[in-house]
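Going by our numbering, the sequence shown wraps up at 182, each residue one higher than the last.
Glycine residues also receive a C-beta, built at the ideal position from the N, C-alpha and C atoms.
Here's the structure we're looking at; comments come further down.
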Amino acid sequence: MKLSYILAVMITTVCIYALFYGLKNINIKEESKMNDNYFIIRYPKLYLDAGIVCLVGFLIFMLGFTFFSTQEPHVFYYIMISVLICISIYSIVETIKAKVVVHNNNITVYPIVGKPYSFSFEEITSVRRITTKGKTKFEWLIIKTSNKKKLKVEMGQLSYNRIKKRIKSDVDNKLLIGFQK
């Protein structure tokens with residue numbers, strides 16, 4: 002049996018599993034009951050949709066070249082396609098699993114892998130606001146806690162402005178770096 006067929010079947014199996022995982026969770030509801038005391042920080046559903054579309058596209062592209070080309074694709078082709086597929090799968094999994102829930106004074110972080118952990122606004126030891134300069138403005142917050150945990154919140158995530166507002170009001174100004182006074 003050709004090596005390309007074996008690689009295609011292995012990659013396809015992983016892709017189908019990831020595709021069903023993404024499609025099962027495609028109805029992520031954006032919380033309508035969110036307010037300044039309860040909100041969820043996560044990537045928008047668009048990231049999940051883009052991950053699914055890219056995964057299907059790369060899968061079709063790979064299968065097309067594997068079974069319908071006159072020459073057998075090089076192993077480097079499968080490595081390159083696998084990297085692109087992994088990025089798509091990461092986008093799907095991150096959108097579904099990674100989130101931060103802020104409820105009153107408690108912040109609970111649900112990472113992609115590992116156990117969820119919680120901390121309060123009083124446990125924050127520093128918050129660094131980083132912004133890019135140039136045509137495209139982008140910013141993110143790096144939050145460090147007393148128990149050595151680090152959290153990164155990006156501008157593209159839902160409820161970014163809410164967490165920024167809560168940090169400005171609930172964290173001591175001496176601990177804020179990069180915030181305008």
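- Between the segment 50 to 63 and the segment 85 to 99, the count of C-beta pairs closer than 8 Å reaches three or more; the two stretches touch.
- Looking at the DSSP output, residue 92 sits in no beta bridge, so it has no partner there.
- Residue 164 and residue 102 do not touch by the CB rule: their CB atoms are close to 11 Å apart, not below 8 Å.
- Ranking 144, 137, 74 and 150 by CA distance to the CA of residue 115 puts 150 first.
- According to the DSSP assignment, residue 143 belongs to no alpha helix (DSSP H) but to the beta strand (DSSP E) extending over 140 to 146.
- Residue 164 is not bridged by DSSP to any residue.
- Less than 8 Å divides the Cβ of residue 67 from the Cβ of residue 5.
- DSSP links residue 178 through a beta bridge to 129.
- A distance below 7 Å between beta-carbons, with the five flanking residues on each side excluded, links residue 113 to the following residues of its chain, in chain order: 94, 95, 98 and 99.
- Inclusion of residue 53 and residue 24 in the CB contact set at 8 Å is warranted, their separation being smaller than that value.
- Rounded to the nearest angstrom, the gap between the Cα atoms of residue 161 and residue 19 is 28 Å.
- The beta-carbon distance between residue 89 and residue 124, rounded to whole angstroms, is 36 Å. This is too long to meet the 8 Å contact definition.
- Of all alpha-carbon atoms in 139, 158, 129 and 153, the one lying nearest the alpha-carbon of residue 173 is that of 129.
- Spatial neighbours of residue 3 in its own chain (CB-CB distance under 7 Å, excluding positions within 5 residues in sequence) are listed in chain order as 73.
- Contact check for residue 159 against residue 43 passes: the beta carbons are separated by less than 8 Å.
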